[in-house]
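With mature numbering (1 follows the signal peptide of the UniProt record, and there is no 0) applied, the sequence shown covers -21 to -1, 1 to 1017. Where a beta carbon is used, it is the ideal one built from N, C-alpha and C, also for glycine.
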Amino acid sequence: MKRKLTLMLTLLFVWTGVAWSQGVTVKGVVTSEEDGLPIVGASVLVKGTTQGTITDVDGNFMISGVKADSKTLIVSFVGMKTREVAIKKGELKIVMKSDAEVLDEVMVVAYGTVKKSAFTGSATVVDQDKIKSPAVSFDKSLAGQVSGVQVMSNSGQPGSGTSFRIRGSGSLKASNEPLYVIDGVATTSTEYSSIAEENESSSNILSSINPNDIESITVLKDAAAAALYGSRAANGVVVITTKSGKEGKARVNFNAQFSWSKLGKAYDMMSSADMYKMIYQGYRAKGETMEEANASAQGALTHNPYNVENPLDENGNVVDGAKLVVDTDWQKEVFRTAPSQDYNMNVSGKNDKTNYFFSIGYTKQGGITPASDFKRYSAKANINTKVNRWFNAGLNVTFSHSIQNTTVESSAGASPLYNALSFPNAVPVYIVDNEGNPVLDENGNKQYNFTNPVSRDFNPLAIPLMDVNRSKFYRLLASGYAEITFFKGFSFKTVFSPDYVSTDEHRYWNKEHGNGPTYNGRLDKYHHVDLMYTSTNTFNYANVFKDVHSLNVMAGMEYWQSTYETLYAGGRGLLGDMQELAGASGSFSPSSDTTKETLISYFGRAEYAYKDKYNFSASLRADGSSIFGADTKWGTFWSLGASWRINQEDFLKDIEWIDNLKLRLSYGTSGNKSGLARYASLGLWTTSADYLYGSNIGVGHDQLVNALLGWEKQGMFNVGVDFSFWNRFYGSVDFFNKTSDGLLYDVPLALQNGLSSITMNAAKTSNTGFEIVLGANILRGPLVWNMDLNASFIKDKIKDLNGENDVRMTDYQKIWSVGGSQYEFYMPTWAGVDPDNGSPLWYKVNDDGTRTTTSVYSEATYERQGRSTPLAYGGFINTFSYKNFDLTIQLNYSLGGKIYDNIYAGMMHDGATTAQNMHVDALEAWTTPGQHTNVPKYAVNNATNSASLSSRFLYDATNVKLKTITLSYTLPKNLGVFSKVISGAKLWVSADNLCTWFADKGYKGYDDIDIYGVQGYKTYPYSFPTPRTFSIGANLTF
């Protein structure tokens, strides 16, 4: 087993001595039978007492004050079979045997726990030591670690969100995000930021959870695992278990981490000299004289990058005495090296009655662009107590306050990335003289330049510092429970959990430059409050009959309610630099809104095992939601599962090399309602100035009554095999088929209805796939090498679109067809460049089916170009341990699929937007008849549409990413005088998102293709890529 990798988990579960008295001293050493190496962190306990310790880095232990009448030690370690050893004089030598299956390991599932050996579903557990990363939210840490899961960062801005997919996307219109359950309570992953929505940026409510407080994450993937969450489980469930106190005296743990982030690969843009020459030649080709063309080029660029008036001669050569004085690399100017810091401290402990865990944390993550950062203050208290033999109670409270400053990520003038990739290098950052020297103001300071040919009155360094886009999030998540045991095996548990989320947002446009002068300064204020509470009551019965029949039955009822309030107020005509509404001379129409949603549920589960060999499970849940129509408010969801531990059969018991062989089978249904408006089934009217009657604002129909609007339903079949051989190789293989029916779909309406469409349950899709997990303990000592590989193969298919077919998406890049994928690209096929005249060419399919080329874009035929989703994806993780050193290397890969690079398309405009900067590839533009190139001719104000939507900018997305390298060193126990205070210390260095290798060498974009999302493109493509991050850190235990 992987002793080093499980050391951190072991330390959380071992027992340490708290009862001391006069007596003898017992000492010894614990080693592994496999390789004779010492076992670090094994628990050694005097039987019948709470007196014990853990082994040190050499496997040694010593317990003082052991009573003379004590007879036995209990020795345990995760992944090893527990031993009971007689206490004898002298040094004990204890050898432990591996338990490859770790059969009694308990995993957290819906509304409880289950032994891993008895589990009938498909799930993956990620322990705390694999969650650590520079990311401020835990979801980003899971990328590449769980089969069947795709985690894609929406943006590289601090505190940004992710697209999280479990076994593909099941819905066409509703959300495809999973349900998140924190300490047994289903919670929200809603986007609460109006600023993020308007700026095309991203925020992430999951960043309110401090990753350092997380004990483990369980990803529930099939119906047997997730169906008990009913109408919220169609997209899978992510169960987060936070830390609690462990056996022993109080422990104090402190860790600190420092990081530095910077942009990885950048686009290779034209220099100001090349851009100037290309524009100059374009004007010369239009018949302008040398002087006119120089003037036109400078007018187009709004600046002369040279120190003379006419820097290029008749032939386009630089004249004597001309010197290039401005050549701004805007990507280097906009992107910076951003520091981050993270501090966490916790105190925990446990005795016979009570366990407790208290923590505080502070995180400050800098963004790689100006005015972009994220701060979080967090605190947690988790207390559980056994009041008496029949009554238990506990309280778990988490509070966080975060502040996120963002910058615009749309293709608008306020977007730093858009401007950095669009401003020609001839535009200086600061106002300069004819020699390129900064012109200082009366205070001796440089003055930002706001003159450019792309975005009026903008500067990508200055505007983010002058404007404000700030969001403040407050979250209080609490859970209190009481549990009564009536008699052996029968108990009742009640849980009440409020979840309060508040957002205050401040958006300010300065009155001097950018968008603000239009309003003489503008200020918007937003306030959001979401108060949710969950009340859950369950009865549980568990018993074992005649040592062979195990029964576990649970029945419960749950009520969930959310009240969401929003408030907006805005002002313009601001007084000076005042950023308060009181200083505004005019206002925008204020608005407010309050919505409420409720969900009531009844559910039950039964689990039966015979001889711990044959396991069966069943679940049933009925959900009633306020969202849906009067005739469809209730939905029923169920699951059946079975597993067979084949290696426990008599015919395999004597085959020693088979450690574990288990077959799993399940089918069940679940539902989806996330992403649907709270009053989607009701007839709604709206007030609008569009309906003016005299001086009165009118009322118009906004939504038709839809009494039949109901749940999206999903049925999933899963069959899987878990295996472990020779105590060295292990893994699992799963096949699944997920069918989603009654999907929400906008059905067209006749215009006389007053509305163009109505949302109905009218579509059907499926996802079919394989998941493979393989692991091996390659070397066992003194150098330990463990390898883990996961691979996922998923294919989606549209089965019904309410009788329609070939439905074009509004962005015209995708098409939905029955039998096809919802991620199918649809655009003209690029045919290259006409070598005779340099015109762009596309393929045209004639009426008789023949293919010809055309240089007229409107005549090109739209064709299917392949999917944006990969054929396979996963992660490859190698862990090496030698003495006190540990090294982890993680590679993530994606095979197949395509991405459309909107950004690169904008850089290859061939003169359509004359002065917008271009990629260096544009220097390969056609110039001479007979020339073979893939870049059309350049012409000022080019109207050939050569950069329009086509397969010219579509690329194979196959890539391998070096996701993480981490090197850590555990300090020896003997630290001299520090050993009396410090019981453990660990240092580490790491690098994240180092580089990405692409199979398609034509791709010229950023290393991080996650920003393209599952769709493979973005309508507003200027999201910041995830940066490279280098970190150092230390962990101390007292």
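Considering only Asn422, Gly135, Lys68 and Ser800, the residue with the shortest C-alpha distance to Gln344 is Gly135. Ranked by how close their Cα comes to the Cα of Ser570, the residues Tyr547, Ser275, Asp591 and Gly555 have Tyr547 in first place. Under the three-state reduction of DSSP output, Leu121 falls in the helix class.
For Ala202, the three-state secondary structure derived from DSSP is helix.
Secondary structure at Lys365: strand, using DSSP grouped into helix, strand and coil. By the C-beta density criterion, Thr385 is buried, having at least 16 other C-beta atoms within 10 angstroms. Rounded to whole angstroms, the separation of the alpha carbons of Asn404 and Asn920 is 19 Å. Ranked by Cα distance from Asp201, the first of Thr220, Ile174, Ile145 and Phe595 is Ile145. Annotated three-state conformation of Asn398 is helix, per DSSP. Measuring C-alpha to C-alpha distances from Ala274 to each of Lys265, Ala264 and Glu288 identifies Glu288 as the nearest.
Take Thr92, set aside five residues on each side of it, and the residues of its chain with a beta-carbon closer than 8 Å to its own are Val85 and Met86, in chain order. Partner residues in the beta bridge of Pro318, as assigned by DSSP, are Trp239.
Ala770 is bridged by DSSP to Ile751 and Gly853. If you check the CB distance, Ser476 and Gly495 do not come in under 9 Å. Counting every other CB atom within 10 Å of its CB across the protein chains shown gives Gly550 a total of 16 or more, marking it as buried. Sequence-distant partners of Ala360 (beyond 5 residues in either direction) whose C-beta falls short of 6 Å from its own C-beta, in its chain, are Phe337 and Val376. Boundaries of the alpha helix (DSSP H) around Glu270: Met269 to Leu280. In this chain, the alpha helix (DSSP H) harbouring Val313 covers Trp309 to Val313. Note: Leu758 is bridge-paired with Trp764 in the DSSP secondary-structure output. Rounded to the nearest whole angstrom, the C-alpha separation of Ile66 and Ser49 is 7 Å. Secondary structure note for Pro477: its beta strand (DSSP E) is the uninterrupted segment Phe469 to Trp488. Between the alpha carbons of Asn413 and Ser251 lies a gap of roughly 15 Å. Burial is judged here by how many other beta carbons sit within 10 angstroms of a residue's own beta carbon; Phe630 has fewer than 16 and is exposed. Within the same chain, Cβ atoms closer than 7 Å to the Cβ of Val726 are found at Ser736, Ile737, Met739, Ala741 and Asn781, the five residues on either side in sequence being excluded. The way I'd put it, the region 189 to 205 doesn't touch the region 477 to 491; fewer than three beta-carbon pairs between them come closer than 8 Å. Looking from the CA of Ser929, the closest CA among Asn938, Ser837 and Thr867 belongs to Ser837.
When DSSP reads this structure, Asp720 sits in a beta bridge with Lys692 and Lys743.
With fewer than 16 other Cβ atoms from the protein chains shown falling within 10 Å of its own Cβ, Phe370 counts as exposed. Rounded to whole angstroms, the Cβ separation of Tyr246 and Gly984 is 7 Å, and the two are in contact under 8 Å. Counting along the chain, the unbroken alpha helix (DSSP H) around Gly261 starts and ends at Ser251 to Ala264. With 16 or more other Cβ atoms inside 10 Å of its own Cβ, Phe616 counts as buried.
Straight through space, the alpha carbons of Phe696 and Val797 are spaced by roughly 22 Å. If you check the CB distance, Ala534 and Gly583 come in under 9 Å.
No Cβ-Cβ contact shorter than 9 Å links Ala894 with Ser925.
Shown here for Asn286: same chain residues with a beta carbon closer than 6 Å to its own, the five before and five after excluded, namely Lys302, Val304, Asn413 and Glu414 in chain order.
A direct Cα-to-Cα measurement between Phe117 and Val198 gives close to 13 Å.
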